[in-house]
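Q: Protein chains in written order, with full-length UniProt numbering: chain A, 1 to 167; chain B, 1 to 167.
Number of protein chains: 2
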Amino acid sequence: MNMKAVNSMNYEEFIDLFGNAVEKCPLIAAAIWSKRPFTTVVDLETSIFEFIDSLPQTGKEGILRCHPDLAGRELQSGTLTADSQQEQGQAGLTSLSQEEQEKLQHQNSRYKLKFGFPFVICARLNNKSKILQELTARIQNQPQQELHNGIEEVKKICHLRLQNIHW
Amino acid sequence: MNMKAVNSMNYEEFIDLFGNAVEKCPLIAAAIWSKRPFTTVVDLETSIFEFIDSLPQTGKEGILRCHPDLAGRELQSGTLTADSQQEQGQAGLTSLSQEEQEKLQHQNSRYKLKFGFPFVICARLNNKSKILQELTARIQNQPQQELHNGIEEVKKICHLRLQNIHW
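1. State the DSSP-derived secondary structure class of A:K103, mapped to helix, strand or coil.
2. For B:H148, which three-state DSSP category applies?
3. Give me, in chain order, the residues of the same chain whose beta-carbon lies closer than 7 angstroms to that of A:N7; leave out the 5 immediate sequence neighbours on both sides.
4. Give me the Cα-Cα distance between A:D83 and A:R124, rounded to the nearest whole angstrom.
5. Could you check the C-alpha separation between A:E61 and A:I15 for me, to the nearest Å?
6. For the segment 93–118 of chain A, enumerate the residues whose C-beta is nearer than 8 angstroms to any C-beta of chain B, in chain order.
7. Where does A:L44 fall in DSSP's three states?
8. Between B:E23 and B:H67, is the Cβ-Cβ spacing less than 9 angstroms?
9. Looking only at its chain, what residues have a beta carbon closer than 8 angstroms to the beta carbon of A:V154, apart from the 5 residues adjacent to it on each side?
10. Around the Cβ of B:Q88, are there at least 16 other Cβ atoms within 10 angstroms (buried) or fewer (exposed)?
11. What are the boundary residues of the alpha helix (DSSP H) that B:M9 is part of?
12. Quick one: using the 10 Å Cβ neighbour count with 16 as the cut-off for buried, is A:N2 buried or exposed?
13. Using a Cβ-Cβ distance under 9 angstroms, would B:W167 count as near chain A?
14. Any idea if B:W167 is buried or exposed, counting beta-carbon neighbours within 10 angstroms, 16 or more meaning buried?
15. Would you tell me roughly how many angstroms separate the C-alpha atoms of A:T136 and A:E99, rounded to the nearest one?
16. Does the beta-carbon distance from B:L70 to B:A91 come in below 9 angstroms?
17. With a Cβ-Cβ cutoff of 9 angstroms, do B:I139 and B:Y111 count as a contact?
18. Using a Cβ-Cβ distance under 9 angstroms, would A:C66 count as near chain B?
19. Establish whether the CB of B:Q88 and some CB of chain A are separated by less than 9 angstroms.
20. Tell me where the alpha helix (DSSP H) around B:A123 begins and ends.
21. Just verifying my parser: in three-state terms, what is the DSSP assignment at B:N20?
22. Within 10 Å of its beta-carbon, does A:P143 have 16 or more other beta-carbons around it, so buried, or fewer, so exposed?
23. For A:P68, report the span of its alpha helix (DSSP H) as first-last.
24. Would B:I165 be called buried (16 or more neighbouring beta carbons within 10 Å of its own) or exposed?
25. Hey, how far is the Cα of A:K128 from the Cα of A:L27?
26. Specify, as a first and last residue, the run of the alpha helix (DSSP H) that A:Q90 falls within.
27. Going straight from the alpha carbon of B:S54 to that of B:A30, what length do you get?
Structure, rendered in structure tokens:
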């Protein structure tokens, strides 16, 4: 894959490839197809980030709400996206002890109740103990700070998903 | 289903129910959950429409690009969403003659090439001959007019999907 190939894609091919760069938000890839041609992957990534930043607060909250819980119902039922399955697996979240599992779910529930969106963290840049530590710390934050933190993590996840494509 | 039940839903339940009110854009339902409580279905619908209207032009184009072609590849391969399958079936698009099929695909391709998004029309309010007639007429429009027309059709589809829920 190179940028020349990307720039010559019709929007269907583009969405097939980048539609999950932001979890379950094909709308975002579909939107930034309008911004082609892209000079580099960074240029494409910047278009995604600018689109996210252009959304009203409800839209940013909506992006977070499209993310699965870590070690949550989608992982249990096997309905995670392929990207999330791989990321949660790498962080050790698919092999938790029962105690770790219960602790994570308990803290996740508290987090969602407080903020109205799930705890989002770039699993690939963390491991299960770091994730639980961050969750316990971030739950203390104010809502605006956590919205900001969550969106920053969405961007890190997006960056690594784009890097993960064989360029 | 009544508004009291809707207003007491957590965001996961809400997205499960309304996530496809706008085709393949769960982000929109996820965003407007922030606007609850809703007094009526119309109030909920208004929140969806206001969110759509708040998007930059690329976002509106993105919404259109998340829609399948009428009688297109997703219908052929059985990968339409349940909503779209039902809507295209009711309009007679699942039982086209080969000639009708070819004509529709040809005009659809021309439309997409001209505008960079698919022809979107509320299939439930039309039938196959009306749809082909509209496609042939609308392909003559200017891009800004067609973006506007497409988004108006998205809102009609959304309205009928909300009405289709057993309230």
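A virtual CB, placed ideally from N, CA and C, is assigned to each residue, including glycine.
A: Let me lay it out:
1. If you number the first sequence from 1, residue 103 of chain A lands on position 103. Residue state, collapsed to three classes: helix.
2. Position 148 of the second sequence, counting from 1, holds the residue named residue 148 of chain B. Helix at B:H148.
3. Working through the first sequence from its first residue, we reach residue 7 of chain A at position 7. Its chain contains R36, P37 and F38 as the residues whose beta carbon lies nearer than 7 angstroms to that of A:N7, once the 5 sequence neighbours on both sides are disregarded; these appear in chain order.
4. Taking the first sequence and counting its residues from 1, the one referred to as residue 83 of chain A is at position 83. Taking the first sequence and counting its residues from 1, the one referred to as residue 124 of chain A is at position 124. Straight through space, the alpha carbons of A:R124 and A:D83 are spaced by roughly 11 angstroms.
5. Reading the first sequence from its first residue, position 61 is the one you call residue 61 of chain A. Reading the first sequence from its first residue, position 15 is the one you call residue 15 of chain A. The alpha-carbon atoms of A:E61 and A:I15 are separated by roughly 22 angstroms.
6. For the segment 93–118 of chain A, which is checked against every Cβ of chain B, the residues closer than 8 angstroms are K112, G116 and F117.
7. Here residue 44 of chain A refers to the residue found at position 44 of the first sequence. Helix at A:L44.
8. By one-based count along the second sequence, residue 23 of chain B stands at place 23. By one-based count along the second sequence, residue 67 of chain B stands at place 67. Cβ distance < 9 angstroms, so B:E23 and B:H67 count as in contact.
9. Within the first sequence, the letter at position 154 stands for residue 154 of chain A. Within the same chain, A:V154 has close Cβ partners V22, E23, I52, I63, L64, H67 and V120.
10. In the second sequence, the residue the question calls residue 88 of chain B occupies position 88. By the Cβ neighbour-count rule, B:Q88 is buried, with 16 or more other Cβ atoms within 10 Å of its own.
11. As a position in the second sequence, residue 9 of chain B is number 9, starting the count at 1. Element bounds for B:M9: n/a, residue is neither H nor E.
12. By 1-based counting over the first sequence, the position of residue 2 of chain A is 2. By the neighbour-count definition (other C-beta atoms within 10 Å, threshold 16), A:N2 is an exposed residue.
13. Along the second sequence, read from residue 1 onward, the residue named residue 167 of chain B stands at position 167. By this cut-off, B:W167 is not an interface position.
14. Here residue 167 of chain B refers to the residue found at position 167 when the second sequence is read from its first residue. By the 10 Å Cβ count, B:W167 comes out exposed.
15. Position 136 of the first sequence, counted from the first residue, corresponds to residue 136 of chain A. Position 99 of the first sequence, counted from the first residue, corresponds to residue 99 of chain A. Rounded to the nearest whole angstrom, the C-alpha separation of A:T136 and A:E99 is 15 angstroms.
16. For this step, residue 70 of chain B is matched to residue 70 along the second sequence. For this step, residue 91 of chain B is matched to residue 91 along the second sequence. Yes, the pair counts as a contact, with Cβ atoms nearer than the cut-off.
17. Along the second sequence, read from residue 1 onward, the residue named residue 139 of chain B stands at position 139. Along the second sequence, read from residue 1 onward, the residue named residue 111 of chain B stands at position 111. Taking C-beta atoms as the reference points, B:I139 and B:Y111 count as a pair closer than 9 angstroms.
18. Looking up residue 66 of chain A in the first sequence gives position 66. Yes, its Cβ sits closer than 9 angstroms to a Cβ of chain B.
19. Along the second sequence, read from residue 1 onward, the residue named residue 88 of chain B stands at position 88. B:Q88 has a beta carbon lying at 9 angstroms or more from every beta carbon in chain A.
20. Residue 123 of chain B sits at position 123 when you count from the first residue of the second sequence. Counting along the chain, B:A123 falls outside any alpha helix (DSSP H), and DSSP gives it neither H nor E.
21. Stepping through the second sequence from its first residue, residue 20 of chain B is reached at position 20. B:N20: coil per DSSP, three-state reduction.
22. Locating residue 143 of chain A in the first sequence gives position 143, counting from the first residue. Counting every other CB atom within 10 Å of its CB across the protein chains shown gives A:P143 a total below 16, marking it as exposed.
23. Walking along the first sequence from the start, residue 68 of chain A turns up at place 68. From DSSP, A:P68 is part of no alpha helix (DSSP H); its letter is neither H nor E.
24. Here residue 165 of chain B is taken as the residue at index 165 of the second sequence, counted from 1. Of the residues assessed, B:I165 falls on the exposed side of the cut-off, its CB having fewer than 16 other CB atoms within 10 angstroms.
25. Mapped onto the first sequence, residue 128 of chain A falls at position 128. Mapped onto the first sequence, residue 27 of chain A falls at position 27. The alpha-carbon atoms of A:K128 and A:L27 are separated by roughly 31 angstroms.
26. Numbered from 1 along the first sequence, position 90 holds the residue referred to as residue 90 of chain A. A:Q90 -> alpha helix (DSSP H) spans A82 to Q90.
27. Numbered from 1 along the second sequence, position 54 holds the residue referred to as residue 54 of chain B. Numbered from 1 along the second sequence, position 30 holds the residue referred to as residue 30 of chain B. Cα-Cα distance, rounded: 15 angstroms.
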